[in-house]
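Residue 776 in our numbering sits at position 588 of the sequence shown, and the numbers go up by one each step.
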Amino acid sequence: MSPPSSPQKKRFFLYPEPISAPPSPPRPERKSNPAFTGLVLVIATFLLEWSGLLRQYIWQNAGFGDLRKIRHLIESAEPRFDPTVFPLGEEARPDSSSEASDTTANGNGAAQSKTAAAKPGLAPLGQRHYTVADYRELYLSGEVTPLDVAHAILPFIRRDTSPPGLHSLGWHEVNVDLILAAARASTERYASGQSLGPLDGVPSVIKDEYDMTGYTTTLGSPNDYTGKKLEDGKIDAWNVRQMEAAGIVILGKVSMHEFGMDTSGNNILFGTTRNPYNANYYTGGSSGGSAYAVATGLVPIALGSDGGGSIRIPASYCSVFGLKTSHGRLSCKPGENHSNTCGVNGPLAADIRSLAAFYGVLSEAHPTTNYPLRSPFTPSPTADQILFHPSGSHSRKKLIGIPEAWFARADPSVQRLCRATIDRLVMHRGYTTVPIEIPFLHEGQIAHALTILTDAATLLPPSHPTERRYKDEFERLSPANRILLALGRTTPAADFLLAQKLRRVLMQHLAWLWSAAQHGPDMVIVTPVSACAGWPIANTDPSGGELKRGLSDGDRTLRTMEFVWMGNFCGVPALSVPSGYVKPGENKEGVAGDVAAAGDAGKVPVGLMAMGEWASEEALLRFGLDAEELMGPEDEGVQCRPECWVDVLRLAKERKGRA
189 MSPPSSPQKK RFFLYPEPIS APPSPPRPER KSNPAFTGLV LVIATFLLEW
239 SGLLRQYIWQ NAGFGDLRKI RHLIESAEPR FDPTVFPLGE EARPDSSSEA
289 SDTTANGNGA AQSKTAAAKP GLAPLGQRHY TVADYRELYL SGEVTPLDVA
339 HAILPFIRRD TSPPGLHSLG WHEVNVDLIL AAARASTERY ASGQSLGPLD
389 GVPSVIKDEY DMTGYTTTLG SPNDYTGKKL EDGKIDAWNV RQMEAAGIVI
439 LGKVSMHEFG MDTSGNNILF GTTRNPYNAN YYTGGSSGGS AYAVATGLVP
489 IALGSDGGGS IRIPASYCSV FGLKTSHGRL SCKPGENHSN TCGVNGPLAA
539 DIRSLAAFYG VLSEAHPTTN YPLRSPFTPS PTADQILFHP SGSHSRKKLI
589 GIPEAWFARA DPSVQRLCRA TIDRLVMHRG YTTVPIEIPF LHEGQIAHAL
639 TILTDAATLL PPSHPTERRY KDEFERLSPA NRILLALGRT TPAADFLLAQ
689 KLRRVLMQHL AWLWSAAQHG PDMVIVTPVS ACAGWPIANT DPSGGELKRG
739 LSDGDRTLRT MEFVWMGNFC GVPALSVPSG YVKPGENKEG VAGDVAAAGD
789 AGKVPVGLMA MGEWASEEAL LRFGLDAEEL MGPEDEGVQC RPECWVDVLR
839 LAKERKGRA
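What follows is the structure, encoded as structure tokens:
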């Protein structure tokens with residue numbers, strides 16, 4: 189390893205020492221793993237759970253033993269089990285004090301600067317998704333109320349009606365009484381001139397991973413993992429409390445891949461949500477319900493989580509924005525993080541300004557965190573403050589780092605769309621590109637997968653338990669997840685430690701890339717979100733296909749996670765940005781079709797990903813704003829509404845007119 193570069197400014201606690209990693213060996217040929225579905229999946233699950241030799245063979249064939257091949261290169265590194273890096277304090281936000289007062293002192297007059305004004309680069313209102321500012325503007329004018337909006341959405345999402353709502357498969361649970369009570373309270377606040385701010389009355393959803401009073405928490409499984417009541421008699425997660433404090437109307441819990449342990453979004457218990465752009469494709473997972481709710485227009489913002497691309501992959505596959513936050517930035521309290529060394533919470537949204545506004549609310553630090561706490565007299569930052577009045581005083585350098593060899597592992601059409609987005613940023617927003625190298629990409633992905641599966645195997649029901657309660661919990665799990673848990677229990681301690689040694693080496697290399705001696709902390713590392721465009725549903729047979737029995741396809745999973753794993757394993761933030769569409773279908777090698785034209789039916793969305801230095805969420809959002817402003821109406825191929833899109837505000841206006 190090369191010696192450390194010059195010391196970085198002391199802005200962080202637990203920041204990795206900036207050291208470039210040694211060159212990695214040539215990437216080995218990845219061995220093919222069998223894909224299981226239907227009855228074959230059930231039989232394979234039984235054999236894997238009871239045959240240690242078979243588990244060992246599959247574990248080795250999946251590449252988990254490859255870390256032993258680089259042991260001599262990383263054995264001197266100290267293991268790093270947690271990738272959290274804390275900023276030592278919040279830098280001042282220039283020109284923000286007057287704007288903050290404007291958003292709090294005048295009740296309903298809050299937050300009406302750029303966020304509610306005409307937005308450069310966005311398509312006209314009739315051609316794009318609605319934003320939180322659109323809702324806010326109509327609430328302030330009295331054209332519609334939050335209660336009108338709730339009544340307009342409920343028929344689409346309820347499972348307890350006959351027939352069920354058109355989009356109800358995307359929802360796990362809907363508590364009508366709670367939703368209407370929240371919408372009514374927000375309506376009354378607007379009527380009395382006492383709205384809570386820019387997000388008051390805006391509809392949203394939460395993934396079935398967050399505790400909320402009035403709902404069960406199942407993690408997409410048949411088991412009940414609802415948290416215990418706190419001193420105030422509620423079970424609400426910290427992020428849910430922040431949403432409620434901002435006046436957001438939570439329209440229930442949405443579907444997810446069971447335990448968040450794969451990236452398709454397949455769920456054989458509650459039903460699999462189909463991709464809004466092409467029903468023969470998955471939404472992506474595990475936050476597939478969150479992405480679906482945003483893409484269909486039913487909500488402009490949604491809460492998800494991400495342990496291995498679970499926000500960014502469905503955001504990419506459903507053509508919306510998704511922010512994977514820095515590790516530990518958003519608290520999981522009072523519940524537990526079910527992937528505690530890789531998983532984070534984060535927002536999804538239809539547009540970047542809505543994403544920034546939502547992140548501003550969610551980023552209120554939990555009192556127990558080491559992240560800097562805001563003054564109780566300081567309101568959450570608005571989208572304008574995040575995007576146009578950033579923290580700190582230095583001007584941001586617009587630099588894109590491209591790991592060319594890694595980038596080239598995506599399907600050709602995916603590469604073309606993402607490079608087109610980069611080219612627009614260079615031509616129209618003043619960005620410069622620079623080639624960078626990141627070693628141990630194959631080994632790093634293996635280390636992440638090994639770590640997250642081992643995490644899950646220690647947190648979820650044990651195999652062959654002696655207690656009846658755990659035995660019932662385990663036997664109710666889907667066959668695909670029982671296979672993954674079996675592999676997680678196979679990992680030897682020595683291999684787990686090698687993975688954590690590699691985590692430190694990779695974090696140090698990223699710190700070296702972001703050091704002043706190299707490219708500086710403003711550089712964003714850009715790749716596609718996923719190496720493949722979407723995940724097609726191969727067998728839609730309702731009686732015994734993958735939608736009924738489940739699916740285990742390790743090769744496809746690794747392809748979808750080709751780029752996203754690093755953000756989780758190293759704890760850095762990452763943003764998914766819509767970048768266009770490809771034609772549906774794949775060739776015999778599983779390579780996606782060519783770039784789609786604006787009018788093509790069933791086209792499959794593609795996303796670009798930008799990774800930033802630890803705690804650089806605001807800088808990533810500003811990068812996303814630059815990309816979004818180049819998606820104007822003249823370029824309909826970048827982001828458009830799916831055919832199943834619901835015009836919520838039109839329906840709300842019609843309802844108000846009838847009333």
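Glycine included, C-beta positions come from ideal geometry on N, C-alpha and C.
Straight-line CA distance for residue i to residue j?
{"i": "tryptophan 723", "j": "alanine 596", "result": "19 Å"}
{"i": "threonine 233", "j": "proline 667", "result": "6 Å"}
{"i": "leucine 368", "j": "threonine 272", "result": "39 Å"}
{"i": "alanine 785", "j": "tyrosine 769", "result": "8 Å"}
{"i": "leucine 357", "j": "phenylalanine 458", "result": "8 Å"}
{"i": "threonine 292", "j": "proline 502", "result": "Confidence is the limiting factor: at threonine 292 the pLDDT is only 40, short of 50, which leaves the residue's position unreliable, though a coordinate-based value still follows. Their Cα atoms are separated by approximately 35 Å."}
{"i": "threonine 349", "j": "leucine 641", "result": "38 Å"}
{"i": "glycine 778", "j": "arginine 324", "result": "44 Å"}
{"i": "glycine 742", "j": "glycine 516", "result": "28 Å"}
{"i": "leucine 536", "j": "serine 239", "result": "41 Å"}
{"i": "leucine 550", "j": "glycine 402", "result": "21 Å"}
{"i": "glycine 473", "j": "alanine 479", "result": "9 Å"}
{"i": "proline 391", "j": "valine 320", "result": "9 Å"}
{"i": "glycine 408", "j": "aspartate 396", "result": "6 Å"}
{"i": "tyrosine 619", "j": "leucine 613", "result": "6 Å"}
{"i": "aspartate 823", "j": "alanine 608", "result": "Caution applies to aspartate 823, whose pLDDT of 49 falls short of 50 and renders its modelled position unreliable; the model cannot decide the point."}
Where does the unbroken beta strand (DSSP E) through residue i begin, and where does it stop?
{"i": "threonine 621", "result": "620 to 623"}
{"i": "glutamate 361", "result": "359 to 361"}
{"i": "valine 393", "result": "391 to 395"}
{"i": "glycine 589", "result": "587 to 590"}
{"i": "alanine 367", "result": "First, the amino acid is wrong: residue 367 is isoleucine here, not alanine. First-last for isoleucine 367: 364 to 379, but that is the alpha helix (DSSP H), not the beta strand (DSSP E)."}
{"i": "valine 442", "result": "437 to 442"}
What are the residues that DSSP puts in a beta bridge with residue i?
{"i": "aspartate 494", "result": "Val532"}
{"i": "methionine 799", "result": "Ile713, Ala762"}
{"i": "glutamate 510", "result": "The identity of residue 510 in the sequence shown is glycine, whereas the question assumes glutamate. Paired residue(s): Leu536, Ser764."}
{"i": "alanine 200", "result": "According to the sequence shown, residue 200 is phenylalanine rather than alanine. In DSSP, phenylalanine 200 forms a bridge with Pro275."}
{"i": "tyrosine 769", "result": "Pro793"}
{"i": "glutamate 774", "result": "Ala780"}
{"i": "arginine 462", "result": "Tyr470"}
{"i": "proline 724", "result": "Tyr469"}
Buried or exposed: which applies to residue i, given that a residue is buried once 16 or more other Cβ atoms fall within 10 Å of its Cβ?
{"i": "glycine 676", "result": "buried"}
{"i": "aspartate 729", "result": "exposed"}
{"i": "glycine 523", "result": "buried"}
{"i": "tyrosine 245", "result": "exposed"}
{"i": "isoleucine 231", "result": "exposed"}
{"i": "leucine 561", "result": "exposed"}
{"i": "glutamine 248", "result": "exposed"}
{"i": "serine 329", "result": "exposed"}
{"i": "serine 507", "result": "buried"}
If I measure Cβ to Cβ from residue i and keep anything under 7 Å in the same chain, skipping five residues before and after, which residues do I get?
{"i": "leucine 839", "result": "Ala340"}
{"i": "histidine 616", "result": "Leu818"}
{"i": "arginine 843", "result": "Asp336, His339, Ala340"}
{"i": "aspartate 814", "result": "Leu613, Arg617"}
{"i": "aspartate 270", "result": "Thr529"}
Between residue i and the rest of its own chain, which residues show a CB-CB distance below 8 Å, the 5 nearest in sequence each way excluded?
{"i": "threonine 404", "result": "Glu361, Asp412, Thr414"}
{"i": "alanine 682", "result": "none"}
{"i": "tyrosine 469", "result": "Arg462, Asn463, Tyr505, Gly722, Trp723, Pro724, Ile725, Pro772, Val792"}
{"i": "alanine 644", "result": "Phe447, Met449, His526, Ser527, Leu672, Leu673, Gly676"}
{"i": "glycine 708", "result": "Lys585, Leu587, Trp702"}
{"i": "threonine 639", "result": "Thr529, Cys530, Phe684, Ala687, Gln688, Arg691, Phe757"}
Between which two residues does the alpha helix (DSSP H) carrying residue i extend?
{"i": "leucine 561", "result": "Element bounds for leucine 561: n/a, residue is neither H nor E."}
{"i": "isoleucine 231", "result": "226 to 238"}
{"i": "histidine 317", "result": "Counting along the chain, histidine 317 falls outside any alpha helix (DSSP H), and DSSP gives it neither H nor E."}
{"i": "arginine 612", "result": "600 to 617"}
{"i": "aspartate 420", "result": "Neither: aspartate 420 is in no alpha helix (DSSP H) and is coded neither H nor E."}
{"i": "proline 351", "result": "Segment: none, proline 351 is in no alpha helix (DSSP H) and carries neither H nor E."}
{"i": "phenylalanine 447", "result": "Segment: none, phenylalanine 447 is in no alpha helix (DSSP H) and carries neither H nor E."}
{"i": "methionine 695", "result": "681 to 701"}
{"i": "alanine 338", "result": "334 to 345"}
{"i": "aspartate 643", "result": "629 to 647"}
{"i": "serine 504", "result": "500 to 505"}
{"i": "lysine 841", "result": "836 to 846"}
Within its chain, find whatever has a CB closer than 6 Å to the CB of residue i; leave out the 5 residues flanking it on each side and keep chain order.
{"i": "aspartate 494", "result": "Lys512, Val532, Gly534"}
{"i": "arginine 243", "result": "Leu236, Ala674, Thr678"}
{"i": "leucine 647", "result": "His526"}
{"i": "serine 301", "result": "Annotation note: pLDDT 40 at serine 301 (below 50); position unreliable, no value reported."}
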